[in-house]
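> Letter by letter, the sequence shown follows residues -20 to -1, 1 to 519 of mature numbering (1 follows the signal peptide of the UniProt record, and there is no 0).
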Amino acid sequence: MTSVVILAVTVLVILGFANGEDPYRFFTWNVSYGDIYPLGVKQQGILINGQFPGPQIETVTNENLIVSVFNSLDEPFLLSWNGIQQRRNSWQDGVYGTNCPIPPGQNFTYILQVKDQIGSFFYFPSLAFHKAAGGFGGIKIFSRSVIPVPFPPPAGDYTILAGDWFRQNHTDLKANLDNGLNLPFPDGLLINGRGSNGNTFTVDQGKTYRFRISNVGLMTSINFRIQGHKMLLVEVEGTHTLQNTYESLDIHLGQSYSVLVTCDQPAQDYYIVVSTRFTSQVLTATSILHYSNSALSASGPPPGGPTTEIDWSLNQARSIRQNLTASGPRPNPQGSYHYGLVNTTRTIRLANSARSINGKQRYAVNSVSFIPADTPLKLADHFNIQGVFSLGSIPDSPTGSGGYLQTSVMAADFRSFVEIVFENSEDTVQSWHIDGHIFFVMGMDGGQWSPASRSSYNLRDAISRCTIQVYPGSWTALYMPLDNVGMWNVRSENWARQYLGQQFYLRVYSPANSWRDEYPIPKNALLCGRASGRKTRPL
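Structure, rendered in structure tokens:
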């Protein structure tokens, strides 16, 4: 632990991004393989400090997180932070485009600041197909005590990490993809690493509890519900929402929602249910909501979810809007930024596709199927290493042409305000995540997007978030301020599609080369590929 403390002190000098009023939290994590039995079958799982799922991070707005990760696996490893924006610091993003993997037997210390953030997020392993083996955990960012929260303090705060799961080990699933095969249908769903009735959440009758639900799965959207109870939606990926009441919520891959549940029913146990959405075979997993004064088990069948109709889910998604009067991480109301009055300077249209390239299944964005370079792109950019990537290697609009392989990087200007339209002509729901940024969800609808579609945009209280779904044969439009310099991953949250090319990098560039815009390369940065042997900079 002493070495970690010394490193933290060094970081204060190197990065200059902390001050005396922003506390530090220290975490030391050992990543190892271990036996797990999530669906009753022994598997090789990825454990963090012997835990599956991994330890939860609890922090407060603007705090600094020092996470020392020791890799005890027999292969390289990386952790990424789903929704943590890494202000001015894509060096800590934890994806291969920005970071060298942690070699076996070595460690790397992530230095993060949850700058001007609140809400519910999660971390996960980003390299190879490790996400199919575990290694994920929840992140809670609480508001500072001086910032009002738009609901009374709950009696308890629970994290639910739910998603699909395979009985096959992640190495076998990866081999399938490497050999040009598709993944099979998942074998089941997990809630906090366990199958049905493996978890119990104890509550007191009459009190209200917060549940933070994240879809950490690989392939499928899920629906979440609690038998006999309604849910008040209060937060989505760092934004306080209009407090609408729902009986169930669709949560797509990579997304996080936060609800309040008042335990106002007769004293007994109730089912907490997740089930797959938009699948021909419906998988279901349950946990138990246990009233502390109950002697009765949950009765009756678990409540069923919505039908497979897209319209129900689309209408629910449109109902999720921003609470304009609530403060975010700062005292000013969330609605003080009038995004609808800002002129966009560029429209980027992104279309997903499933292609066979060189006889193997691949996935593409605007016909480009991403392939990793031999050197992380951020390092190549920093050291001006030629031949690793080319700006403009992915077009701004769909081409309609056949797919091809490329290390695709899109150039973007710092402080510009762009319109991004995701277009999905396929018959499956897509889920997209943009690292380092939040965006405003302007609209979504079926059919083909056109400039006339802007007439339906929500220019007043669109929800802001970092992960969004696009329904089959539909489009979803975003406004996004490019306010974070760095090399940022734009990816499918369907992990097979991401692994097989449905991703690219957005290089947000500032010519000022100033610490005000971006922190310098960390002293402890791992160097690999063509960056090996180069020097970072003196202390």
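Yeah, the Cβ is synthetic: ideal placement off N, Cα and C, and Gly gets one too.
Drop a sphere of 10 angstroms on the beta-carbon of G426, count the other beta-carbons inside from all chains shown, and report buried for 16 or more, exposed for fewer.
exposed
> Taking the continuous beta strand (DSSP E) assigned at L212, which residues delimit it?
211 to 216
> Identify, in the order they occur along the chain, each residue of the same chain with its Cβ nearer than 6 Å to the Cβ of P502, setting aside the five sequence neighbours on each side.
W71
> Buried or exposed for H318, please, with buried defined as at least 16 other CB atoms from any protein chain shown within 10 angstroms of its CB.
exposed
> Three-state secondary structure (DSSP) at Q314?
helix
> How is L357 classed by DSSP in three states: helix, strand or coil?
helix
> Would you mind giving the Cβ-Cβ distance between R477 and Y343, rounded to the nearest angstrom? I have them listed as a contact below 8 Å.
4 Å
> Any idea if A353 is buried or exposed, counting beta-carbon neighbours within 10 angstroms, 16 or more meaning buried?
buried
> Pair every Cβ in the segment 510 to 517 with every Cβ in the segment 375 to 384, then say whether three or more of these pairs are closer than 8 Å.
Contact fails: fewer than three Cβ-Cβ distances are below 8 Å.
> So A306 and H220 are supposed to be a Cβ contact under 8 Å. How far apart are they, rounded?
Between H220 and A306 the Cβ distance is about 4 Å, and since that is below 8 Å, they are a contact.
> Classify R298 as helix, strand or coil using the three-state DSSP reduction.
The three-state secondary structure of R298, taken from DSSP, is helix.
> Secondary structure at A112, three-state DSSP: helix, strand or coil?
helix
> Between the alpha carbons of P356 and F181, how many angstroms are there, rounded?
42 Å
> Compute the Euclidean distance between the alpha carbons of R67 and H413, then round it to the nearest angstrom.
Straight through space, the alpha carbons of H413 and R67 are spaced by roughly 17 Å.
> What separation, rounded to the nearest whole angstrom, lies between the Cα atoms of residue 581 and P500?
Look at the range of the chain in this structure, -20 to 519, and you will see that residue 581 is not part of it.
> I need the straight-line Cα distance from R257 to P164, nearest angstrom please.
Rounded to the nearest angstrom, the two C-alpha atoms are 16 Å apart.
> Evaluate A457 with the Cβ neighbour count: other Cβ atoms within 10 Å of its Cβ, from every protein chain shown; 16 or more gives buried, anything less gives exposed.
buried
> Have a look at the DSSP bridge pairing and note the partners of L27.
S12
> Mind checking which residues open and close the beta strand (DSSP E) that includes A505?
Neither: A505 is in no beta strand (DSSP E) and is coded neither H nor E.
> By Cβ distance, which residues of its chain are closer than 6 Å to L27, with the 5 residues on each side in sequence left out?
S12, G14
> Secondary structure at T200, three-state DSSP: helix, strand or coil?
The answer is coil: DSSP assigns T200 none of H, G, I, E or B.
> How about V216 and I300: do their beta carbons lie closer than 9 Å?
yes
> Report yes if the C-beta distance between I46 and F32 is below 9 Å; otherwise report no.
no
> So, are the CB atoms of Q185 and Q223 less than 9 Å apart?
no
> For G466 and H270, what's the separation of their Cα atoms in angstroms?
46 Å
> Spatial neighbours of R147 within its chain, please: C-beta separation below 6 Å, excluding the five flanking residues on both sides.
Hits under 6 Å: L19, V21, D167.
> Could you please give me the residues that DSSP links to R5 through a beta bridge?
L45
> Please report the straight-line C-alpha distance between N69 and G85, rounded to a whole angstrom.
26 Å
> What separation, rounded to the nearest whole angstrom, lies between the Cα atoms of Y485 and Y479?
14 Å
> Out of C80, Q23, W495, P35, point me to the one whose CA is closest to N504's CA.
From the listed residues C80, Q23, W495, P35, the smallest Cα separation to N504 is found for C80.
> Quick check on this structure: which residue in A511, T287, V450 has the alpha carbon closest to the alpha carbon of N364?
A511
> For N44 versus F88, is the C-beta distance shorter than 9 Å?
no
> Considering just the uninterrupted stretch of the alpha helix (DSSP H) at T305, what are its terminal residues?
From DSSP, T305 is part of no alpha helix (DSSP H); its letter is neither H nor E.
> Shorter than 8 Å, the distance from the beta carbon of P452 to the closest heavy atom of the ligand NAD, or not?
Of the ligands one can find in the structure shown there are none, so the ligand NAD has no counterpart to examine.
> Quick check: the segment 482 to 498 against the segment 431 to 440, are at least 3 beta-carbon pairs closer than 8 Å?
The segment 431 to 440 makes no contact with the segment 482 to 498, as fewer than three CB pairs between them are under 8 Å.
> Quick one: measure Cβ to Cβ for residue 526 and F394, integer angstroms, because I've assumed they're closer than 8 Å.
An answer regarding residue 526 cannot be provided, because it is not within the stretch -20 to 519 covered by the chain.
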